[in-house]
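Inspection log for the structure reproduced underneath, given as structure tokens.
Residue numbers (the working numbering): 2 to 113.
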């Protein structure tokens, strides 16, 4: 499979990832304190709502932060990969040293 890379675009994408990560962190930080709902009444079902929303929050927020962390790692490595492409092109090479493995969609890219 052929993949065309424009090395000059990778640092720009890295910068865009940084902006997206900042927005994601602000959204997560704003949502965390209000993610556990207060019971709307004093009945048995209403009493279960805080536990259910707390359980969901405990699963969601760590995963969301982990994915932001993966974005931070990707953002940091893109300029390095761009330089490797440029150096390889300058010396007429056919193989680029820097690479990433996206073959396993279940395991996060950052290896956590």
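Note that CB positions come from ideal geometry on N, CA and C, so glycine has one too. No experiment lies behind these values; they were computed from the predicted model shown.
Cut-off 7 Å between Cβ atoms - residues of its own chain near residue i, not counting five sequence neighbours on either side
i          : result
residue 19 : 76
residue 62 : 29, 33
Neighbour-count burial assignment, residue i, 16 or more Cβ in a 10 Å radius
i          : result
residue 48 : exposed
residue 35 : exposed
residue 4  : exposed
residue 6  : exposed
residue 30 : exposed
residue 52 : exposed
residue 91 : exposed
Residue from the options whose Cα sits closest to the Cα of residue i
i          : options        : result
residue 22 : 69, 78, 91     : 69
residue 60 : 33, 27, 26     : 33
residue 25 : 39, 66, 10, 8  : 66
residue 54 : 93, 88, 39, 16 : 39
Own chain residues within Cβ distance below 8 Å of residue i, not counting five before or after
i          : result
residue 58 : 33, 36, 37
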